[in-house]
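Asks: FYI, in this note's numbering the residues of the sequence shown are 617 to 1008.
Beta carbons: idealized from backbone N, C-alpha and C, even for Gly.
Note that the structure is predicted; figures quoted are calculated from it, not measured.
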Amino acid sequence: MDAILEKVSVDRLGEDLWSLVNIPSPTGREREAAFVYAEMLAEAGAEVEIDERIPESPNVIGRLQGTRAGKVFQLAGHIDHIDVPHEPPQRTETEIIARGAADMKGGLAGILEVVRVLEETGRDFPGELLITVYGLHEAPVGDGLGLRYIAEDGTVGDAAVVVESVQGLHDKAIVQGKGQSVWNLTIRREGEVCHELNRTPAMDGLLETVAAALKRLRNYADELTALGARGTLLGPPSLFIGQVHYGDFYNRAPAEARMQGTRRWHPDDSFEGVKERFAAVIGEIPKAPGIDIDIDWNFVGEAYEVAAEEPVVRHLQAAYEKVTGQPMEIAGIKAVADGARLVPWGKVPTVLCAFDNRCAHADREVVVVENLVEPCRVTLLTLLNYLEESAE
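Written out as structure tokens, the structure is:
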């Protein structure tokens, strides 16, 4: 096994990552990058197909068959990146700096290297390696539709590794994840926008209602915090107020205000339950006459839990310790990675493996290419040991 792990090439990882970051793939516009990735995956040795049901965000499906019967192990990752300006891609002797480098094309380069090593060593494993690469991950544009199609089609493994994690959790086996959705409130009054001197006293009811909404939501956030972790590894459920927009000019009386934020919940809860309770909270807000409040949601990911005794969890921990010499403890993740989609939608025991995701979403996404070698080896060893054990 050590000889196989030693075949992981830092040079190839760097070349693949450099190729990928030079093709922009903002959420909802991943087509070119997906087709290029499909070509790279085929060149590495996989059988590849492209699902174009979402024309601008196609799914790439790859398969590598082992030499004997066994289970299916899935490697998954998103090819889109946030649509935020970034300096042009740069490369130094040790680093690659580009939008999407840290989130998460380093992981996609890792998948290519895993396939390449398995192909070069004669596919000496039982079962099948399934590769699923998709867009529409990054909220608020991304709703996970590509991965939902994959899951609903049954194109999933018996276990999976998503090749990304978040800052501070690279050395943890993630077995729980919070659900998340973005909530949107629109508060409207009767009448049109007008000059402040032409407004009626009733028009100030909009501001009064906005103030009341802020107070009730802030109290609700405190109520959720007071619930505590409730036996999870996730901390308390939460509500966050991220944006409040009232007015557009210093002497205009607005007719509408908008508020937006996040709501995160535990695995024993659900998005439907969260929506019901949020609506009840909004219903408690005192509204001035002529005021309406509308609620809208952008779903991001469901809360989930994987048993710590699952084979894929055990094999990830063992692989990490063998490769790094350090133990890997279990933990929970508060952000949404694609375990929050693969577990509830595909019923797949799923873990995460970080590929230098430290600078995800940063102004400068920097990846140290050497830092991709360890997680590539961990992923490779995890899947090989999982497939070997399951075939016994």
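1. Taking the C-alpha atoms as reference points, what is the distance between THR841 and SER854?
2. Would you identify the three-state DSSP class for HIS977, choosing helix, strand or coil?
3. Using 8 Å as the Cβ pair cut-off and three pairs as the minimum, do the segment 980 to 993 and the segment 941 to 955 touch?
4. From the DSSP secondary-structure annotation, give me the bridge partner or partners of LEU801.
5. Could you tell me the boundaries of the alpha helix (DSSP H) in which ALA924 lies?
6. Whose C-beta lies closer than 7 Å to the C-beta of HIS694 among residues of the same chain, with five residues either side of it excluded?
7. Quick one: complete beta strand (DSSP E) runs, 3+ long, within the segment 884 to 970?
8. For the candidate residues GLY793, GLU631 and ASP774, whose alpha-carbon lies nearest to that of THR708?
9. Can you tell which of CYS975, GLU1004, SER1006 and ASP979 has its C-alpha closest to the C-alpha of SER781?
10. In the DSSP output, what is GLN783 paired with across the bridge?
11. Taking the C-alpha atoms as reference points, what is the distance between ARG804 and PHE915?
12. Report the residue ranges of all beta strand (DSSP E) runs contained in full by the segment 652 to 724; include only those spanning at least 3 residues, in chain order.
13. For SER854, write down the residues that DSSP places opposite it in a beta bridge.
14. Return the residue from the list LYS687, CYS969 and ALA873 that minimises the CA-CA distance to GLN859.
15. At a cut of 8 Å, does the segment 820 to 827 reach the segment 880 to 897 through at least three beta carbon pairs?
16. Taking 8 Å as the threshold, find out whether the segment 785 to 804 comes into contact with the segment 724 to 735 through three or more Cβ pairs.
17. To the nearest angstrom, how far is the alpha carbon of ARG846 from that of PRO642?
18. What residue from THR998, GLU1008 and ALA714 has the CA that sits closest to HIS702's CA?
19. How close, in whole Å, do the beta carbons of VAL676 and TYR653 come, if the pair is a contact with beta carbons under 8 Å?
20. Go ahead and pull the three-state DSSP assignment for GLY743.
21. Below 8 Å on the Cβ atoms is my contact criterion, and I expect LEU999 with LEU745 to pass it. Report the Cβ-Cβ distance as a whole number of Å.
22. Is there contact between the segment 882 to 896 and the segment 790 to 797, where contact requires at least three CB pairs shorter than 8 Å?
Replies: A quick look at the data gives this:
1. Taking the straight line joining both Cα atoms gives about 6 Å.
2. If DSSP states are grouped into helix, strand and coil, HIS977 belongs with coil.
3. Touching, no.
4. In DSSP, LEU801 forms a bridge with MET875 and ILE911.
5. Neither: ALA924 is in no alpha helix (DSSP H) and is coded neither H nor E.
6. Cβ neighbours of HIS694 beyond the five flanking positions: MET720, TYR750, GLY751, HIS753 and ASP954.
7. Runs found: 907 to 917, 945 to 949 and 966 to 968.
8. Taking only the C-alpha atoms, the option nearest THR708 is GLU631.
9. Closest option to SER781, Cα to Cα, is CYS975.
10. Looking at the DSSP assignment, GLN783 forms no beta bridge with any residue, so it has no partner.
11. Going by the C-alpha atoms only, they are around 23 Å apart.
12. You should have 663 to 667, 675 to 681, 684 to 694 and 711 to 713.
13. SER854 pairs with ARG880.
14. Of the listed residues, the one whose Cα sits closest to GLN859 is ALA873.
15. The count of Cβ pairs closer than 8 Å, one atom from the segment 820 to 827 and one from the segment 880 to 897, stays below three, leaving the stretches out of contact.
16. Remark: fewer than three beta-carbon pairs, one from each stretch, lie closer than 8 Å, so the segment 785 to 804 and the segment 724 to 735 are not flagged as touching.
17. So the two alpha carbons sit approximately 37 Å from each other.
18. Closest option to HIS702, Cα to Cα, is ALA714.
19. That pair is a contact at about 6 Å.
20. Strand, per DSSP.
21. Right, their Cβ atoms sit about 7 Å apart.
22. Touching, yes.
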